[in-house]
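Enquirer:
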Ligand code: NAD
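In my numbering, the protein residues as written are 12 to 520.
#1: May I ask you to list the residues that DSSP assigns as paired with residue 420?
#2: Could you tell me how far apart the beta carbons of residue 415 and residue 311 are, in whole angstroms, since I believe they sit closer than 8 angstroms?
#3: On the criterion of 16 or more Cβ atoms from any shown chain inside 10 Å, does residue 490 qualify as buried, or is it exposed?
#4: Measuring only the C-alpha atoms, how far is residue 99 from residue 137?
#5: Report the option in 352, 110, 370, 119 whose CA atom is closest to the CA atom of residue 128.
#6: Please return the same chain residues whose Cβ sits closer than 8 angstroms to the Cβ of residue 505, not counting the five positions on each side in sequence.
#7: Roughly how many whole angstroms lie between the Cα atoms of residue 406 and residue 324?
#8: Residue 538 bridges to which residues according to DSSP?
#9: With a Cβ-Cβ cutoff of 8 angstroms, do residue 299 and residue 347 count as a contact?
#10: Look at residue 238 and residue 181 and say whether their C-beta atoms are less than 8 angstroms apart.
#11: Which class does residue 114 belong to by DSSP, given the choice of helix, strand or coil?
#12: Where residue 349 and residue 261 are concerned, what is the direct C-alpha to C-alpha distance, given to the nearest angstrom?
#13: Would you mind reading off the limits of the alpha helix (DSSP H) that contains residue 265?
#14: Are the beta-carbon atoms of residue 244 and residue 259 separated by less than 8 angstroms?
#15: Quick one: is residue 495 buried, meaning 16 or more other Cβ sit within 10 Å of its Cβ, or exposed?
#16: Quick one: using the 10 Å Cβ neighbour count with 16 as the cut-off for buried, is residue 227 buried or exposed?
#17: By alpha-carbon positions, which one of 375, 135, 374, 392 ends up nearest to residue 381?
#18: Who are the Cβ neighbours of residue 445 in its own chain at under 8 angstroms, not counting the five residues just before and after it?
#19: Residue 177 and residue 225: beta carbons closer than 8 angstroms?
#20: Apply the 10 Å Cβ neighbour rule to residue 135 and answer buried if 16 or more other Cβ atoms are within range, or exposed otherwise.
#21: Along the chain, where does the beta strand (DSSP E) that runs through residue 169 open and close?
#22: Can you give me the start and stop residues for the alpha helix (DSSP H) that residue 503 sits inside?
#23: Beta carbon of residue 201: closer than 7 angstroms to some heavy atom of ligand 1?
#24: Please find out if some non-hydrogen atom of ligand 1 comes closer than 7 angstroms to the beta-carbon of residue 192.
#25: Whose C-beta lies closer than 8 angstroms to the C-beta of residue 365 among residues of the same chain, with five residues either side of it excluded?
#26: Does the Cβ of residue 27 have 16 or more other Cβ atoms within 10 Å, making it buried, or fewer, making it exposed?
#27: Heavy atom of ligand 1 less than 7 angstroms from the Cβ of residue 174, yes or no?
#28: Using CA atoms only, rank isn't needed, just tell me which of 124, 356, 335 is closest to residue 383.
#29: Just checking, does the region 72 to 86 make contact with the region 242 to 257 on the three C-beta pairs under 8 angstroms criterion?
#30: According to DSSP, is residue 62 helix, strand or coil?
#31: Please name the residue in 341, 309, 115, 266 whose C-alpha comes closest to that of residue 58.
#32: Using the DSSP secondary-structure output, state which residues sit across from residue 48 in a beta bridge.
#33: Taking Cβ positions, are residue 2 and residue 211 nearer each other than 8 angstroms?
#34: Pull up the CB-CB distance for residue 253 and residue 274, whole angstroms please, since I reckon it's below 8 angstroms.
#35: Name the DSSP bridge partner or partners of residue 207?
#36: Is the distance from the Cβ of residue 331 to the Cβ of residue 418 below 8 angstroms?
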């Protein structure tokens, strides 16, 4: 890689130049032959290129992070958190431009983009409490005159590998807590949405983070493989699809790294006949079609019990048909935006068609939608697929698009049995006015994040993002105290002090 002078990527001239890596406190465009285009999904335009880096760039970044770790890990936690306080201030100052940047490269609407960023800032706020969060434990007199203390120490170089669907939140699940704990960090943003992440790191640099503590390297599989196998990398955080999460977990742990790998999902929203239907419809629409369904917590399947379908479907279809779809990168953007790419659009359409072929029926069909003002955008209208059965491909696969499946069950037991048979285990919700049914559901459902009359029960920064089974590979989750445990390791010291010249007085007969 040829290093050039550090030019801030947000000041560079052409949007078609490859975006820069950030290594050793310098922004520089790697001289890799391969790049991948970054699109504005609202318009279909190419807005940047992501360089596909490999072993050489990864090695440079990791070695640099390893050097920076020596001093950063000795920096008092209170000094580390002062930088994070400044960072939080800059994030607030630049809140709207950052949210606009999310709309531009992802396609979600401005309210969703603000939520993406706000949830990320909340992790920074949590990380600002690091002196309290890092405190250890002491027990005096574990035996006479012997004390035991446990402290938590940083690992060294940690890595974060991100998906495309939350350009701000997911990177911020990772690096603020990792560096607050005293680690240095390599961030591998999604090659599909690198622009917001780059700006997040420029602001961290402006807040005073020392060079090398956080490095950014762009790329895809080759870059990830180099990170997974580099001997100086100690811990890896991953968020993305389940097959890749499993691959990261297996390969990372085989190479002796600590790994947390969050994967995909299939989240069920149960609607009981006694539900408050007005609120159930609002909750379901947001859960299924928010971010055009590209959320790991998307409520992508409504599970109706007994007569609930009869009361739910008509008002639901009416609301869904009225959702305005279009560009979200304008001042007054549409309610629902595009999906991330033309290929993804095709995949989602294919899954709907396969559902119909296997016997499901279309209540609302959003395929083939053309948006006049943006004919090249990657649009699909909201879609409702009714009478979906567990064996169908559309029921088994994570669709990750604006598609709501409807499944019908005679009773709660049969529905819970179906939901618990899925390999995933991220989220599940119930709409009911019955405390007994809600309690039964909460207790028996196989999912790590549960909502009761809440459609998207994504936990906030101070709780773990607690997926189960194929939705999470590892032990300690992202966010909350589990993240602090993940980014540190325990050291227990047992100590005894002798009185000078008297020997071990405590053990004298
Ligand atoms: P993805 O798995 O395709 O990519 C995620 C990251 O892995 C990217 O940085 C990508 O460059 C890298 N990658 C892709 N293929 C790879 C391979 N074969 N080997 C090594 N690295 C590879 O995911 P995506 O499409 O960017 O994001 C959507 C997925 O993320 C969905 O499945 C969604 O449910 C999931 N997600 C999960 C959570 C969670 O908390 N469980 C949160 C957000 C997103």
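Glycine is no exception: its CB is placed at the ideal position from the N, C-alpha and C atoms.
Expert: According to the structure data:
#1: As a position in the chain shown, residue 420 is number 409, starting the count at 1. Answer is 316, bridged to residue 420.
#2: One-based indexing of the chain shown puts residue 415 at position 404. One-based indexing of the chain shown puts residue 311 at position 300. Contact holds; Cβ gap of about 7 angstroms.
#3: The sequence position of residue 490 within the chain shown is 479, counting from 1. So residue 490 counts as buried.
#4: Start at 1 with the first residue of the chain shown, and residue 99 comes out as number 88. Start at 1 with the first residue of the chain shown, and residue 137 comes out as number 126. The alpha-carbon atoms of residue 99 and residue 137 are separated by roughly 11 angstroms.
#5: Taking the chain shown and counting its residues from 1, the one referred to as residue 128 is at position 117. Measuring from the Cα of residue 128, the nearest candidate turns out to be 110.
#6: As a first step, residue 505 is located in the chain shown; it is residue number 494 there, counting from the start. The residues are 153, 157, 158, 159.
#7: As a first step, residue 406 must be located in the chain shown, where it is residue number 395. As a first step, residue 324 must be located in the chain shown, where it is residue number 313. The straight-line gap from Cα to Cα measures roughly 18 angstroms.
#8: Nothing can be reported for residue 538, as the shown portion of the chain is limited to 12 through 520.
#9: The residue you call residue 299 lines up with position 288 of the chain shown. The residue you call residue 347 lines up with position 336 of the chain shown. Result no, Cβ atoms of residue 299 and residue 347 do not sit closer than 8 angstroms.
#10: Position 227 of the chain shown, counted from the start, is the residue given in the question as residue 238. Position 170 of the chain shown, counted from the start, is the residue given in the question as residue 181. Going by C-beta atoms, residue 238 is not nearer than 8 angstroms to residue 181.
#11: Your numbering for residue 114 matches position 103 in the chain shown. Three-state result, residue 114: helix.
#12: Translated into the one-based positions of the chain shown, residue 349 becomes position 338. Translated into the one-based positions of the chain shown, residue 261 becomes position 250. Roughly 34 angstroms between the two C-alpha positions.
#13: What you label residue 265 is simply residue 254 of the chain shown in a count that begins at 1. Per DSSP, residue 265 belongs to the alpha helix (DSSP H) from 253 to 265.
#14: Indexing the chain shown from 1 puts residue 244 at position 233. Indexing the chain shown from 1 puts residue 259 at position 248. Not closer than 8 angstroms, so no.
#15: Position 484 of the chain shown, counting from 1, holds the residue named residue 495. By the neighbour-count rule (16 or more Cβ atoms within 10 Å), residue 495 is buried.
#16: The residue given as residue 227 occupies position 216 in the chain shown. Buried is the call here.
#17: Position 370 of the chain shown, counted from the start, is the residue given in the question as residue 381. Of the candidates 375, 135, 374, 392, the one whose C-alpha sits nearest the C-alpha of residue 381 is 392.
#18: Here residue 445 corresponds to residue number 434 of the chain shown, with the count starting at 1. Cβ neighbours of residue 445 beyond the five flanking positions: 283, 285.
#19: Start at 1 with the first residue of the chain shown, and residue 177 comes out as number 166. Start at 1 with the first residue of the chain shown, and residue 225 comes out as number 214. Result no, Cβ atoms of residue 177 and residue 225 do not sit closer than 8 angstroms.
#20: Position 124 of the chain shown, counted from the first residue, corresponds to residue 135. Flag for residue 135 reads buried.
#21: As a first step, residue 169 must be located in the chain shown, where it is residue number 158. Where residue 169 is concerned, the enclosing beta strand (DSSP E) stretches over 168 to 172.
#22: The residue you call residue 503 lines up with position 492 of the chain shown. Note, residue 503: premise wrong, no alpha helix (DSSP H); beta strand (DSSP E) at 499 to 507.
#23: The residue given as residue 201 occupies position 190 in the chain shown. The answer is yes for residue 201.
#24: Residue numbering aside, residue 192 sits at position 181 when the chain shown is read from its first letter. No, the beta carbon of residue 192 sits no closer than 7 angstroms to any heavy atom of ligand 1.
#25: Mapped onto the chain shown, residue 365 falls at position 354. If we look at residue 365 and ignore the five residues flanking it on each side, its Cβ neighbours are 403, 404, 405.
#26: In the chain shown, residue 27 corresponds to position 16, counting from 1. Flag for residue 27 reads exposed.
#27: For the purposes of this step, residue 174 is taken as the residue at position 163 of the chain shown. Yes.
#28: Walking along the chain shown from the start, residue 383 turns up at place 372. Among 124, 356, 335, the Cα nearest to that of residue 383 belongs to 335.
#29: yes
#30: Locating residue 62 in the chain shown gives position 51, counting from the first residue. It is a strand residue.
#31: Counted from its first residue, the chain shown places residue 58 at position 47. That would be 115, whose Cα lies nearest to the Cα of residue 58.
#32: Within the chain shown, numbered from 1, the residue matching residue 48 stands at position 37. DSSP, once it has assigned bridges, lists 60 as partnering residue 48.
#33: Nothing about residue 2 can be reported from this structure: the residues present for the chain run from 12 to 520 only.
#34: Locating residue 253 in the chain shown gives position 242, where the first residue counts as 1. Locating residue 274 in the chain shown gives position 263, where the first residue counts as 1. Yes, they are in contact, since the Cβ atoms of residue 253 and residue 274 sit about 3 angstroms apart, within 8 angstroms.
#35: As a position in the chain shown, residue 207 is number 196, starting the count at 1. In the DSSP output, where bridge partners are listed per residue, residue 207 has none listed.
#36: Position 320 of the chain shown, counted from the first residue, corresponds to residue 331. Position 407 of the chain shown, counted from the first residue, corresponds to residue 418. It is not a contact, given that the beta carbons lie outside the stated cut-off.
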